[in-house]
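Enquirer:
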Amino acid sequence: MTTWEAITTAVGIALRGERERGRAELLACWSATGESEAGQRCVIAHYLADLQSDLADEVLWDQRALDAYARIHDAELAPVGIDDARGMAPSLHLNLGDGYLRQGRVALAREHAAAGRTLADRLPDDGYGRLIREGLDRLSARVGQTDSPHR
């Protein structure tokens, strides 16, 4: 078992630009959690995905984040300032859809772009919500471009 403090400290290290150290700390947090700590695992995997240098590994961590999300209870992310866990789903679909598109897995990218847009009403009406909505719009447009015969 790990603590939210250990997780947020590791995330902070990564966000400050210490990618390798942040990744090592987050991997240690992951190893210290089990399936029953779905909220912690979701957050850890979400950030670990962004720290991968290999696209396949990034997508794997994004999938782990979404898998863990499916087991989260509504208030489970409150310790890290997310009062309603449902608001995290659009971001998870955005990240996974983007990874799939970069892998050339267009059908899966389309599926996750659509899922994220469907759930976008769960996002707050603030800068974060706008950022994710705009990201989903861009992902949908990029997926649409792959359908164009002129590409």
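For what it's worth, the numbering used here labels the leading residue of the sequence shown as 154, then goes sequentially.
The C-beta atom is built at its ideal place from N, Cα and C for all residues, glycine as well.
When you compare each of ARG194, HIS265 and ASP210 to LEU230 by their alpha carbons, which one comes out closest?
Expert: Within the sequence shown, the letter at position 77 stands for residue 230. The option with the nearest alpha carbon to LEU230 is ARG194.
Enquirer: Relative to the alpha-carbon of VAL212, which residue among THR155, ASP227 and HIS246 has its alpha-carbon at the smallest distance?
Expert: By 1-based counting over the sequence shown, the position of residue 212 is 59. Residue HIS246 is the option with its Cα nearest to VAL212.
Enquirer: So the alpha helix (DSSP H) PRO232 belongs to, where does it begin and stop?
Expert: Taking the sequence shown and counting its residues from 1, one reaches residue 232 at position 79. No alpha helix (DSSP H) holds PRO232; DSSP gives it neither H nor E.
Enquirer: So, helix, strand or coil for PRO243, using DSSP?
Expert: Within the sequence shown, the letter at position 90 stands for residue 243. Looking at PRO243 - three-state DSSP - the assignment turns out to be helix.
Enquirer: Could you check how far apart the C-beta atoms of TYR325 and VAL164 are, in whole angstroms? I think they sit under 8 Å.
Expert: There is simply no residue 325 to check, as the chain begins at 154 and stops at 304 in what is shown.
Enquirer: Excluding five sequence neighbours on each side, which residues of the same chain lie with their C-beta closer than 6 Å to the C-beta of TRP183?
Expert: The residue given as residue 183 occupies position 30 in the sequence shown. The residues are ILE197.
Enquirer: Thinking just about the alpha-carbon of each residue, which of MET154, GLU173 and LEU179 is nearest to the one in THR162?
Expert: On the sequence shown, position 9 is the one that residue 162 refers to. When each option's Cα is compared against that of THR162, the closest is LEU179.
Enquirer: With a threshold of 16 other CB atoms inside 10 Å of the CB of ASP215, please say whether the residue is buried or exposed.
Expert: Within the sequence shown, numbered from 1, the residue matching residue 215 stands at position 62. The residue is buried, with at least 16 neighbouring Cβ atoms inside 10 Å.
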